[in-house]
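Enquirer: Can you read through this structure? Questions will come right after.
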């Protein structure tokens, strides 16, 4: 029997621009976020492409040094604050968290909408800073450079980041309250999908960490605007204090980015292996462990910044502690595939790419946490390669995997499988070609944020730029076939993947109130293989 | 395009080989685990691929396995941690006999001063086979002194001296990069480190147009800024005597004891009221904006060269810096007596803080 679209669902429940801009439906807000983060991702991607284009030649021939500095600043700010942090939580999390716990909306729907408006307001400030001349502080805003020396609109950009931070705090708050208070009957903590666990862990970091970046940037703005000495020694401040405060948020922030991505992988791997997740409670608690340990490792960004040898020792040791729960997750995902019945569909390809690339990203983190070695590779392309392996190879891959996995649920339509598989493959190849050479470049000693570089680094830079052009194709393809699928895609049906989880028990797309009948949960999550027929291979 | 590009940097310092050994160990570990995971997921994906007959075998988990893959990575991590920590500790502890060179970073250049008074810009000449300690400060924003061939890096801060050290092993010319983003011409803040064998180095030093040793430059500045007006060894001095000060503990008015090192001396010139020596008053004006970082380095070098006087501490009120904790009550009594005798003539116990 061919599936048919449900007659009424959240997308056609109401029409008109007002029904979107004033919606309190978490699913519609997720769609608003989907468009906005895609927009910022594309802008950030254009900056990245220009950076890679510029670095084709060693002598800085394409852009002026100041322009180049603005490009990497705006690339970083766009990608970190306006794409990586909101992508999985605000798009997929917003859509799925209430459905996964079996309720009709988030705890505070109006605050949820406010989050999106704050995000857009923050984005507007950062775009304004961009079009009114750009900012060249680097996304790290290090003082006293940014507070006392630069002539660009640092405060405007900082205000954008601060406002967007509140959006993140509200989303985190909403998730935490929803998980605590609004679970369906029978949805015990031990039955929560791992996607919920990991977003819950990320939410803890959002509400505890994000205020610190706001405070830090406000202090920076006070120093820049009113010459109140906090970080600039000329005014009696201490520049290392800025780094402590900045990384106190910005290190945990990488876990805000990666934890929800890990949650996506924990959903995809069991589904396409037709197996329970291996070691559910270990995967769940490793998310919490990452969130907790993540708060006490920040100074590993500062081993050569002039901190004491003894604090460096402590932070190095603690950094290894945070590596362990990540390793536990990787091993559990791998073990989940053992003796499964594995279908290599597009989401699974992305999940497998994630496991491989995140493993490399995580393992190269061990290099950077090793004190004597970090002295050499700190602030080189090695660091760039490392965090792009985690953030692009890990997080963006997970986001794309999740988008493919839940696309039928969000739109009711199937994307076309062959071009999707091709895009996954192109992304994987392009990604590795872009970023693997950067590990070598970094160990050779090429520093970050260099507008021009010695000629012996050129071949590796050209390889990297070539990879970036392939990667760009891999990112553009999904845009095209997702758009195509909205009109021409096959009707997906409620549960095209034969997956477990409450989101698959409602229709696709779900009704505005998510469920036709209030769900009652009687099973553990990932109850694959209980009297099921082996689904058809796509 | 240079097609015969290297993929490994030159090893030109005593620690380079040690850093590379740790790096290669980590490359091995990372390769092993990446391949392990990659091969497993590919193998599983192929061996257990879905066929109409294939049913997944449900396994809930295994506490034993969880323990195994927690403990093994933890063990390996601890090996890496200890290895990295030992190496770092070594890299952070310069040998006592190191040749001392001073560096100043500014947007966007490196300036270096040798003890013999030689100065260079964006170049640093060093001898091979001898530890060299580079003490640095920034005139503006944070920079970072990075010599890939030596595997060393140190952020250079605007408010205090930091140092790095190395022993060059191979004569040659190596990249010096600023690795902390410092504004427009960050990538132009580069230079070279020239390692020379000791004979060539001696020749180079002799050919340098030094106007006199760094200490003698400091002495000139010391007089030029009128420091000698107060910082004199005689008993009428209004500031502490600086002879033999360097490297000694100093007791402050609030009874804290601090070490008179480079950072202390610099702070005392720029923020005289921050740490006033016990027995003196905060009458010294700040020299911020007057004296340059280069001059402060020279003055500090001069103070280092002031040999301890053989003066008798009891009548040398101006040298409380050399006093041990146990002698403090004596000094206080002495100060009180002098205050009584001098009352009426001038304010009690006049003195600035040192320098």
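Chains as they are written, first to last, in the numbering used here: chain A, 1 to 538; chain B, 539 to 893.
Where a beta carbon is used, it is the ideal one built from N, C-alpha and C, also for glycine.
(1) Rounded to whole angstroms, what is the Cα-Cα separation between residue 566(A) and residue 136(A)?
(2) In terms of residue numbering, what span does the alpha helix (DSSP H) encompassing residue 124(A) cover?
(3) Quick check: is the beta carbon of residue 205(A) nearer than 8 Å to any beta carbon in chain B?
(4) Once DSSP output is grouped into helix, strand and coil, what is the label at residue 271(A)?
(5) Give the residues of chain B in contact with residue 360(A), contact being defined as C-beta atoms less than 8 Å apart.
(6) Runs of 4 residues minimum, wholly inside the segment 150-224 of chain A: which ones carry the alpha helix (DSSP H) assignment?
(7) Can you find the residues in the same chain that come closer than 6 Å, C-beta to C-beta, to residue 3(A), ignoring five residues on each side of it along the sequence?
(8) Restricting to runs no shorter than 4 residues, where is the alpha helix (DSSP H) found entirely within the segment 696-781 of chain B?
(9) Thinking residue 666(B) and residue 708(B) are a contact (beta carbons under 8 Å), I'd like their distance in whole angstroms, please.
(10) Could you round the C-beta distance between residue 433(A) and residue 463(A) to whole angstroms and report it? I think they count as a contact, below 8 Å.
(11) Just the chain B side, please: which residues come within less than 9 Å of residue 288(A) by C-beta, in chain order?
(12) Using 8 Å as the limit for Cβ to Cβ distance, is residue 806(B) near chain A?
(13) Given that residue 161(A) touches chain B, what residues does it touch there, using C-beta distances under 8 Å?
(14) Along chain B, in chain order, which residues have C-beta atoms closer than 9 Å to that of residue 69(A)?
(15) If you follow the alpha helix (DSSP H) that residue 101(A) is part of, which residue opens it and which one closes it?
(16) Span of the alpha helix (DSSP H) holding residue 283(A)?
(17) Any idea which residues DSSP pairs residue 661(B) with across the strands?
(18) Of all the CB atoms in chain A, is at least one closer than 8 Å to the CB of residue 665(B)?
(19) Is the beta carbon of residue 611(B) less than 8 Å from the beta carbon of residue 258(A)?
(20) Fully enclosed by the segment 430-468 of chain A, which alpha helix (DSSP H) runs are 4 residues long or longer?
(21) Please list, in chain order, all residues of the same chain as residue 503(A) whose beta carbon is under 7 Å from its beta carbon, the five residues on each side excluded.
(22) Please list, in chain order, the residues of the segment 685-698 of chain B that have any C-beta partner in chain A closer than 7 Å.
(23) Within 10 Å of its beta-carbon, does residue 589(B) have 16 or more other beta-carbons around it, so buried, or fewer, so exposed?
(24) How would you list, in chain order, the residues of chain A whose beta-carbon sits under 9 Å from the beta-carbon of residue 682(B)?
(25) Restricting to Cα atoms, I'd like to know which of 446(A), 131(A), 440(A), 417(A) is closest to residue 477(A).
(26) For the candidate residues 821(B), 832(B), 669(B), 605(B), whose alpha-carbon lies nearest to that of residue 658(B)?
(27) Taking Cβ positions only, does residue 483(B) come closer than 8 Å to chain A?
(28) Fully enclosed by the segment 582-662 of chain B, which beta strand (DSSP E) runs are 3 residues long or longer?
(29) Considering residue 506(A), what are the terminal residues of the alpha helix (DSSP H) in which it resides?
(30) Look up residue 885(B) in the DSSP assignment and say whether it is helix, strand or coil.
(31) Which stretch, first to last residue, makes up the beta strand (DSSP E) that contains residue 3(A)?
(32) Can you name, in chain order, every residue of its own chain whose Cβ lies under 6 Å from the Cβ of residue 88(A), other than the five neighbours on each side?
(33) I want to verify the contact list: residues of chain D whose CB lies under 8 Å from the CB of residue 364(A), in sequence order.
(34) Are the segment 316-335 of chain A and the segment 364-374 of chain A touching by the rule of at least three beta carbon pairs closer than 8 Å?
(35) Going by DSSP in three states, residue 349(A) sits in which element: helix, strand or coil?
(36) Pick helix, strand or coil for residue 692(B), following the three-state DSSP scheme.
Expert: By the coordinates alone:
(1) An answer regarding residue 566(A) cannot be provided, because it is not within the stretch 1 to 538 covered by chain A.
(2) 109-131
(3) Answer no: the Cβ-Cβ gap between residue 205(A) and chain B never drops below 8 Å.
(4) helix
(5) 568, 572
(6) 154-181
(7) 491, 493
(8) 736-745, 752-762
(9) Confirmed, Cβ separation roughly 7 Å.
(10) 6 Å
(11) Under the 9 Å cutoff, chain B gives no residues; its nearest Cβ is about 15 Å from residue 288(A).
(12) no
(13) Chain B residues near residue 161(A): none, gap ~18 Å exceeds 8 Å.
(14) 719, 721, 722, 724
(15) Annotation: the continuous alpha helix (DSSP H) that includes residue 101(A) extends over 94-101.
(16) Note, residue 283(A): alpha helix (DSSP H), 280-293.
(17) 730(B)
(18) no
(19) No, the Cβ-Cβ distance between residue 611(B) and residue 258(A) is not below 8 Å.
(20) none
(21) Here residue 503(A) has 96, 99, 100, 409 as same chain residues with Cβ atoms under 7 Å from its own Cβ, once five neighbours each way along the sequence are excluded.
(22) 686, 689, 690, 691, 692, 693, 695, 696, 697
(23) Exposed, by the Cβ-count rule.
(24) 304, 305, 378, 379, 447
(25) The residue from 446(A), 131(A), 440(A), 417(A) with its alpha-carbon nearest to that of residue 477(A) is 417(A).
(26) 832(B)
(27) This structure gives no information on residue 483(B), because the portion of chain B shown stretches from 539 to 893.
(28) 637-644, 647-651, 657-659
(29) Note, residue 506(A): premise wrong, no alpha helix (DSSP H); not H, not E.
(30) Note that residue 885(B) scores a pLDDT of 43, beneath 50, so its modelled location is shaky; the value from the coordinates is reported in the next line. It is coil, neither helix nor strand.
(31) For residue 3(A), no beta strand (DSSP E) encloses it, and the DSSP letter there is neither H nor E.
(32) Once the five neighbours on either side are set aside, the close Cβ partners of residue 88(A) are 260, 261, 399.
(33) The question asks about chain D, but that chain is absent: this structure's protein chains are A and B.
(34) yes
(35) helix
(36) strand
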